[in-house]
Every structure is written in C-alpha cells, then in structure tokens.
Amino acid sequence: MNYYLDECGHTGDLISDKYDFNYYNQRLFALTAIGLTKYNHILLSTFIGALKKKHKIQGDELKSKNLIPNNIEFVIELFTKLREIKAPIFIELVDKKFFTATNISYYQIDPGYFNPRDTWSKAQLASDVIFKNKFAEDLTALEDTSSLERYIDCCLNPTEDNLRISFSNTKDSIFNNKDKFEYHELLIECLDMTLDDYRIFKEKEGDNAVLRFLPLPDKSKSGKLIWLLPHTSSLINIVLRLNKKYNKKISKIKLHHDTQIQLDSILHGNLSNLSRFNIVAPNVKGVDYSIHCIPTMTFEDSKKEIGIQIADIISGFVVRYTSDRLFNSKYIDERYHVAASLIEGIFPSNKNPVGINYVMPIELIRERAIPNVRI
Numbered sequence: 000m001n002y003y004l005d006e007c008g009h010t011g012d013l014i015s016d017k018y019d020f021n022y023y024n025q026r027l028f029a030l031t032a033i034g035l036t037k038y039n040h041i042l043l044s045t046f047i048g049a050l051k052k053k054h055k056i057q058g059d060e061l062k063s064k065n066l067i068p069n070n071i072e073f074v075i076e077l078f079t080k081l082r083e084i085k086a087p088i089f090i091e092l093v094d095k096k097f098f099t100a101t102n103i104s105y106y107q108i109d110p111g112y113f114n115p116r117d118t119w120s121k122a123q124l125a126s127d128v129i130f131k132n133k134f135a136e137d138l139t140a141l142e143d144t145s146s147l148e149r150y151i152d153c154c155l156n157p158t159e160d161n162l163r164i165s166f167s168n169t170k171d172s173i174f175n176n177k178d179k180f181e182y183h184e185l186l187i188e189c190l191d192m193t194l195d196d197y198r199i200f201k202e203k204e205g206d207n208a209v210l211r212f213l214p215l216p217d218k219s220k221s222g223k224l225i226w227l228l229p230h231t232s233s234l235i236n237i238v239l240r241l242n243k244k245y246n247k248k249i250s251k252i253k254l255h256h257d258t259q260i261q262l263d264s265i266l267h268g269n270l271s272n273l274s275r276f277n278i279v280a281p282n283v284k285g286v287d288y289s290i291h292c293i294p295t296m297t298f299e300d301s302k303k304e305i306g307i308q309i310a311d312i313i314s315g316f317v318v319r320y321t322s323d324r325l326f327n328s329k330y331i332d333e334r335y336h337v338a339a340s341l342i343e344g345i346f347p348s349n350k351n352p353v354g355i356n357y358v359m360p361i362e363l364i365r366e367r368a369i370p371n372v373r374i
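Position 330, counted from 1, in the sequence shown is what numbering that gives the first Met the number 0 calls 329; the numbers after and before it change by one each time, with no gaps.
Next comes the structure, spelled out in structure tokens:
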C-alpha cells in the first residue's frame, strides 16, 4: 500500500525569541497521509484531470492555496470522490501553542525519572497522561504567555539559571491563576519534586543535567539545534496509527513524502529509530505503540506526484477551515462545512484509526463545536 504525505503550516521548530504564539498566523499545523492502491491512483489521476478542465484550473501542480477559497467546489468534488473510493486518510492537526505547553508539562510537571513507567498499569499510565494534558490545556488557555517565553529562553540557552527561572515562572503562573488550573496544588507540588530531581542529576552529571528537563533536540544539516518539531511527532503518530490499522504489518507500506530540503534527514532519522524504542504508554484509541517494523519512506517532488498534491489539498483545507472555526469569528460559507464533513466523516468507527487526530485542548474544540469530533 502506498501512502502520500504533505503538510500545511510552517514546518520549522517552534522555538523563537520573538515570542509569537500566533506563529505568524500559522498557529495550526497539519500532516496528511492518504492511502492509494495502484488502481485508485490511476483512477484519481484521470478524475482530477477531468475536474481541472471542468473548473478551468491551469498548471501542472494542484496546491491548496490556489483552490481555497476560490475553487471550493473543486475541493468538495475531490473529497466526495475520496470518500466514494474509501481512501484511508490519516491527519494530525496540531495547535502549536498547545504543543509547546505539552512539552512544559512533560518535562517540568512529571518527567518520571524516579518513577519508572514500565511498572505502571495501563490505568495509571492513562491517568498520568490525562493529568499532564489537562495542565497543558489550562496553560494554553492563559492570556499570560510568560511561562512559554521563559521555557523558550531555556531551550535557546540551556543554563541552570534559565531552567530555574522557567520553573519559577511556571509556578508563579499556576499560583497566580489558581482558579484556572484544575489541580493547582498538586501541580506546584510536582514542580518542587522535579526541581529535587534536577538537584540529584546535577550532582551526577553537572551542567548537562539541565538537558534532562528539556525536549531532546534534533540537529539540522547546518548543525543548528531544533527543539520542537510538530512535523516529527505528527509523522511518528501517523506511523503508529498505521501500525494499528494494519496489525503491526507495515514493513511493505511505502510513504511518499513531499520534498523536505531542511528536514528530510531529521524525519527519516526519527522514523528509522522508532522500532528500536520500547515505548511505555497507555492504551490510546487508534494507536499501537508496540511496533516491530517500519514502513519505507522517500521524499519526492510534489509536482510529479498526484497523491502528494491530494495530501496537500487536504492539509491546507483542514488547517484553514479549523483555524476559522477556532480563532476567527467571521462567517463561514456552508460549502466549507460540507467539505469538512466529507473528511471528518470518513470511517467514523472508533475501531478504525483513520481520520483527524486533534492535538489541541479539548475545551477549545468543545467551545467551537467542531463537527464529528469524538471527545
């Protein structure tokens, strides 16, 4: 089976000293993988050729930015065809602010260095994830972004002083907003315990102990450290969802990703290492962390691959539509809701891991009533 991947939203890391938590009007990131058999690939090539003539679309390459909003009818007809042929579609949709807050939660609230997860029950693991995700949701909702800023400072300059400032600021944010953090007393206790963990590691490892309380960075081709890449986590989660769908038999799956000049080695390296890790995690709907093999992945020019162009259209539509639902108050054309229902409604069974994985605060989704989202 061949899967074609493309993304929408700035693909770089989220660490910047400019502290823009709207991320240059690209707060959402989406990575889409669509599965096409050889027959469906040929069928869609012919179908899209006719669709381009019908809607008078010029050029060899289809791009979402050229179709939305000017050719939404084209998008609806394409999505209708994808649903008709039952093409499996996996989408990771990431709120970048929440993604940053989640890293603070996992590296400051409960890193778990002295509480090995491999001895925990599935229920304990699930409870731990819920607790840390709730903190990340509450932190994301705060108008005060100083905790995120100080965390970024520490990533850019990982010193003990910056680490302590980051911890102190996170604690102050919780204490000063007790009514907005569901478990504020426990959260402050967790922060104090994590600082104790840091003192223990510092005695053994010296200055390097700071790095244990920051995410593991990747390194670009030029040698620059890259701290937070939603692209990487999205790719890995799609592979774990494929692992669920195909009962761990994914060695013959081929991933065709659009060309990534700066990130190809990072993405490929993380994918290659995936099966080497013993991931201890709770039972998560639609994901199988017990992975024994990995699919192959190539990076290809989207101009020459219709499957990648389709993935681009899906990613672009989902980002623009969801951004309008979550962050803009303007009227949304009913046709966009129709297009969204075709994607969000594909194989809605809980037993099938296809569809959109919303990596964002649950309350944000509830408030804006995103259709067909199972919470």
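Beta carbons: idealized from backbone N, C-alpha and C, even for Gly.
>> Which runs of the beta strand (DSSP E) at least 3 residues long sit entirely within the region 48-111? Give them in chain order.
In response: 88-94
> Quick one, are the C-beta atoms of Asp152 and Lys131 less than 8 Å apart?
Replying inline: On the sequence shown, residue 152 is found 153 positions in, with the first residue counted as 1. On the sequence shown, residue 131 is found 132 positions in, with the first residue counted as 1. Result no, Cβ atoms of Asp152 and Lys131 do not sit closer than 8 Å.
> What's the call for Tyr22, buried or exposed, on a 16-neighbour Cβ count within 10 Å?
Replying inline: Translated into the one-based positions of the sequence shown, residue 22 becomes position 23. Answer is buried; the Cβ neighbour count reaches 16.
> Three-state secondary structure (DSSP) at Asp19?
Replying inline: Here residue 19 refers to the residue found at position 20 of the sequence shown. Residue state, collapsed to three classes: coil.
>> For a test of the three-state rule: what should DSSP assign to Glu299, helix, strand or coil?
In response: Start at 1 with the first residue of the sequence shown, and residue 299 comes out as number 300. In the structure shown, Glu299 sits in a strand (DSSP, three-state: E or B).
> Counting only runs that start and end within the region 241-327, where is the alpha helix (DSSP H) found for 4 or more residues in a row?
Replying inline: 263-272, 305-326
> So Phe174 is in the alpha helix (DSSP H); what residue range does that whole segment cover?
Replying inline: On the sequence shown, position 175 is the one that residue 174 refers to. Segment 159-175, the alpha helix (DSSP H) holding Phe174.
>> Taking the straight line between their C-alpha atoms, what separation do you get for Ala100 and Gln308?
In response: The count along the sequence shown starts at 1 and reaches residue 100 at position 101. The count along the sequence shown starts at 1 and reaches residue 308 at position 309. Whole-angstrom Cα-Cα distance: 32 Å.
> Roughly how many whole angstroms lie between the Cα atoms of Val372 and Asn269?
Replying inline: Here residue 372 refers to the residue found at position 373 of the sequence shown. Here residue 269 refers to the residue found at position 270 of the sequence shown. A caution first: Val372 carries a pLDDT of 49, below 50, which makes its placement in the model too unreliable to give a value.
> If we call anything under 8 Å between Cβ atoms a contact, is Leu92 one with Ile355?
Replying inline: Against the sequence shown, residue 92 aligns to sequence position 93. Against the sequence shown, residue 355 aligns to sequence position 356. Yes; because the gap between Cβ atoms is below 8 Å, this pair is in contact.
> According to DSSP, what are the bridge partners of Lys201?
Replying inline: Taking the sequence shown and counting its residues from 1, the one referred to as residue 201 is at position 202. DSSP lists no partner for Lys201.
> Ser348: buried (16+ other C-beta within 10 angstroms of its C-beta) or exposed?
Replying inline: Indexing the sequence shown from 1 puts residue 348 at position 349. For Ser348, the predicted model reports a pLDDT of 47, less than 50, meaning its position is unreliable and no value from the coordinates is stated.
> So what does DSSP say about Leu186, is it helix, strand or coil?
Replying inline: As a position in the sequence shown, residue 186 is number 187, starting the count at 1. In the three-state reduction of the DSSP assignment, Leu186 falls in the helix class.
> Buried or exposed: which applies to Lys55, given that a residue is buried once 16 or more other Cβ atoms fall within 10 Å of its Cβ?
Replying inline: Counted from its first residue, the sequence shown places residue 55 at position 56. The residue in question, Lys55, is exposed, as its Cβ has fewer than 16 Cβ neighbours within 10 Å.
> Among Pro157, Leu227, Asn246, which one has its Cα closest to the Cα of Ala208?
Replying inline: Along the sequence shown, one-based indexing puts residue 208 at 209. The shortest Cα separation from Ala208 among Pro157, Leu227, Asn246 belongs to Pro157.
> DSSP on Phe346, reduced to helix/strand/coil?
Replying inline: Reading the sequence shown from its first residue, position 347 is the one you call residue 346. Because Phe346 sits at a pLDDT of 43, beneath the cut-off of 50, its placement in the model cannot be relied upon, and the following sentence gives the value as read from the coordinates. If DSSP states are grouped into helix, strand and coil, Phe346 belongs with coil.
>> Quick check on the DSSP output: the alpha helix (DSSP H) that includes Ile331 runs from which residue to which?
In response: Position 332 of the sequence shown, counting from 1, holds the residue named residue 331. DSSP places Ile331 in no alpha helix (DSSP H); its state is neither H nor E.
> Closest Cβ-Cβ distance between Lys218 and chain D: below 8 Å?
Replying inline: Reference to chain D is not applicable here, since this structure consists of a single protein chain.
> In or out: Ala49 buried (at least 16 other Cβ within 10 Å) or exposed?
Replying inline: Position 50 of the sequence shown, counted from the first residue, corresponds to residue 49. When all chains shown are included, Ala49 counts as exposed.
>> Tell me the DSSP secondary structure of Glu181 in three-state form.
In response: In the sequence shown, the residue the question calls residue 181 occupies position 182. Reduced to three states, the DSSP call for Glu181 is coil.
> Name the DSSP beta bridge partners of Asp34, please?
Replying inline: Taking the first residue of the sequence shown as position 1, residue 34 is located at position 35. According to the sequence provided, residue 34 is Gly. The question's Asp does not apply to it. Partner(s): Tyr2.
>> Going by DSSP in three states, Ile41 sits in which element: helix, strand or coil?
In response: Here residue 41 refers to the residue found at position 42 when the sequence shown is read from its first residue. In the structure shown, Ile41 falls within a helical segment according to DSSP collapsed to helix, strand and coil.
> Among Glu181, Leu147, Ile88, Thr231, which one has its Cα closest to the Cα of Lys2?
Replying inline: By one-based count along the sequence shown, residue 2 stands at place 3. Residue 2 is actually Tyr in this sequence, not Lys. Nearest C-alpha to Tyr2: Ile88.
> Within 10 angstroms of its Cβ, does Asp5 collect 16 or more other Cβ (buried), or is it exposed?
Replying inline: Along the sequence shown, one-based indexing puts residue 5 at 6. Flag for Asp5 reads buried.
> Below 8 Å between beta carbons: does that hold for Ala29 and Ser328?
Replying inline: Working through the sequence shown from its first residue, we reach residue 29 at position 30. Working through the sequence shown from its first residue, we reach residue 328 at position 329. Contact flag unset, no.
> Could you give the distance in angstroms between the alpha-carbon of Ile129 and the alpha-carbon of Tyr106?
Replying inline: For the purposes of this step, residue 129 is taken as residue 130 along the sequence shown, with counting starting at 1. For the purposes of this step, residue 106 is taken as residue 107 along the sequence shown, with counting starting at 1. The straight-line gap from Cα to Cα measures roughly 15 Å.
>> Quick check on Ile14: does DSSP put it in helix, strand or coil?
In response: What you label residue 14 is simply residue 15 of the sequence shown in a count that begins at 1. Under the three-state reduction of DSSP output, Ile14 falls in the coil class, being neither helix nor strand.
>> Excluding the 5 residues flanking Glu263 on each side, which residues of the same chain have their C-beta closer than 6 Å to its C-beta?
In response: Along the sequence shown, read from residue 1 onward, the residue named residue 263 stands at position 264. For clarity, residue 263 is Asp in the given sequence; the question names Glu instead. Within the same chain, and ignoring the five residues on either side of Asp263 in sequence, the residues whose Cβ sits closer than 6 Å to its Cβ are Phe298.
> Relative to the C-alpha of Lys244, which residue among Ile290, Gln57, Ala140 is closest?
Replying inline: Here residue 244 refers to the residue found at position 245 when the sequence shown is read from its first residue. When each option's Cα is compared against that of Lys244, the closest is Ile290.
> If you draw a straight line from the C-alpha of Lys220 to the C-alpha of Ile260, how long is it?
Replying inline: Locating residue 220 in the sequence shown gives position 221, where the first residue counts as 1. Locating residue 260 in the sequence shown gives position 261, where the first residue counts as 1. Linking Lys220 to Ile260 through their CA atoms gives a straight-line distance of about 9 Å.
> If you pair each beta-carbon of the region 232-243 with each one of the region 199-219, do three or more pairs fall below 8 Å?
Replying inline: no
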